[in-house]
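Sequential numbering of the sequence shown, starting at 3, is according to this note's numbering.
Only one structure is covered here, and it is reproduced in the block below.
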Amino acid sequence: MNAGASLCPPTGGQVHIRRLGLAREAIGPDVRLAVDANQVWDVPDAISWINQFHDFDLAWVEEPTSPDDIVGHATIARAINPIPVATGEHSHNRIMFKQYLQLNAFEIMQVDATRVAGPQELVIEFLLAHKFGKRVCPHAGGVGLCEAVAHFSMWDYVALSGTMEGRVIEYVDNQHEHFVHPTVIKNGNYMPQTAPGNGAEMTQETAEKYLYRG
3 MNAGASLCPP TGGQVHIRRL GLAREAIGPD VRLAVDANQV WDVPDAISWI
53 NQFHDFDLAW VEEPTSPDDI VGHATIARAI NPIPVATGEH SHNRIMFKQY
103 LQLNAFEIMQ VDATRVAGPQ ELVIEFLLAH KFGKRVCPHA GGVGLCEAVA
153 HFSMWDYVAL SGTMEGRVIE YVDNQHEHFV HPTVIKNGNY MPQTAPGNGA
203 EMTQETAEKY LYRG
């Protein structure tokens with residue numbers, strides 16, 4: 003997996019441009035650079051700002067506006083092309099993803115395994131992305147998400163899309179000690195899970211320590 007970096011922009015000013023310039027200079031031309039806007043812009047502002055980012059060779063811009071504004075995402079995606087739009091971590095079901103895909107509102111689906119209705123729903127969303135020719139780079143910025151999404155991405159790489167090209171899995175380096183089978187990373191790559199299940203089984207010690215007792 004190639005190295006990459008993601009920046010969360012401030013809310014305004016030329017500091018956007020300055021930070022991106024500094025980041026690209028620091029990491030060089032061969033490392034992927036993405037921007038996570040954290041829903042900070044309305045549609046016109048997103049288009050205006052992102053169109054000033056073309057010189058930085060961005061891997062994508064994530065959540066450029068409210069995740070509920072599917073039409074807004076489609077408008078932004080058309081206006082900032084070829085910079086890809088990524089979104090989906092706050093989408094809750096396959097109907098939302100179907101509408102995103104029908105409107106060509108993103109290039110990268112960032113589905114969150116804990117926000118949708120279980121593994122069957124998640125599989126459907128991967129299948130939808132495959133049908134529409136979009137990449138899935140799952141959101142994994144939460145407790146247990148790294149453990150869970152590794153299974154689905156491996157299925158995607160091996161049996162669905164059949165490729166890792168242009169695909170990454172998010173990784174956060176904390177709180178893995180709470181799980182029976184924690185995620186293992188070697189040389190920037192997720193290692194295959196060796197146990198059945200979804201990977202998110204908590205240790206007995208953690209379950210007892212954090213049990214809500216009313």
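All C-beta atoms in this analysis are idealised placements derived from N, C-alpha and C, irrespective of residue type, glycine included.
Identity of the residue in the options nearest residue i by Cα
{"i": "Gly146", "options": "Asp114, His132, Asp71 and Arg96", "result": "Asp114"}
{"i": "Pro140", "options": "Leu129, Phe154 and Phe134", "result": "Phe154"}
{"i": "Gln41", "options": "Ala25, Ile29 and His75", "result": "His75"}
{"i": "Gly190", "options": "Thr67, Glu172 and Ile49", "result": "Glu172"}
{"i": "Pro198", "options": "Val170, Ala152, Tyr159 and Asp158", "result": "Ala152"}
{"i": "Arg80", "options": "Lys188, Ala119 and Asn106", "result": "Asn106"}
{"i": "Val33", "options": "Met156, Phe99, Gly168 and Val45", "result": "Gly168"}
{"i": "Val160", "options": "Lys188, His180 and Pro194", "result": "Pro194"}
{"i": "His56", "options": "His18, Glu91 and Asn200", "result": "His18"}
Extent of the continuous alpha helix (DSSP H) run through residue i
{"i": "Thr205", "result": "Thr205 -> no alpha helix (DSSP H), and no H or E assigned at all."}
{"i": "Glu127", "result": "Gly120 to Lys133"}
{"i": "Phe154", "result": "Leu147 to Trp157"}
{"i": "Val73", "result": "Ile72 to Ile82"}
{"i": "Trp51", "result": "Val45 to Ile52"}
Assigned secondary structure, residue i (DSSP; H/G/I helix, E/B strand, else coil)
{"i": "Asp2", "result": "The structure shown has nothing for residue 2, since the chain only spans 3 to 216."}
{"i": "Phe181", "result": "strand"}
{"i": "Tyr212", "result": "coil"}
{"i": "Ala88", "result": "strand"}
{"i": "His94", "result": "coil"}
{"i": "Arg117", "result": "coil"}
{"i": "Arg26", "result": "helix"}
{"i": "Lys100", "result": "helix"}
Short Cβ contact (8 angstroms threshold) for residue i with residue j
{"i": "Lys133", "j": "Glu109", "result": "no"}
{"i": "Gln101", "j": "Ile72", "result": "yes"}
{"i": "Glu127", "j": "Arg96", "result": "yes"}
{"i": "Ser93", "j": "Pro69", "result": "yes"}
{"i": "Glu149", "j": "Ala202", "result": "yes"}
{"i": "Thr205", "j": "Val170", "result": "no"}
{"i": "Ile78", "j": "Ala48", "result": "yes"}
{"i": "Phe99", "j": "Leu130", "result": "yes"}
Neighbourhood of residue i by C-beta distance below 6 angstroms, restricted to the same chain and skipping five residues each side
{"i": "Gly143", "result": "Glu172 and Val174"}
{"i": "Gln177", "result": "Val145"}
First through last residue of the beta strand (DSSP E) which encompasses residue i
{"i": "Arg34", "result": "Arg34 to Asp38"}
{"i": "Glu64", "result": "Leu60 to Glu64"}
7 angstroms Cβ shell around residue i - same chain, five flanking residues per side excluded
{"i": "Thr185", "result": "Cys148, Glu149, Ala152, His178 and Tyr192"}
{"i": "Ser163", "result": "His132"}
{"i": "Met3", "result": "Here the model assigns Met3 a pLDDT of 41, short of 50, so the residue's position is not dependable, and the following value carries that caveat. Once the five neighbours on either side are set aside, the close Cβ partners of Met3 are Val170, Gly190 and Asn191."}
{"i": "Asp44", "result": "Thr67"}
Test: residue i CB closer than 8 angstroms to a CB of chain C
{"i": "Val151", "result": "Absent here is chain C; the protein component of the structure consists of one chain."}
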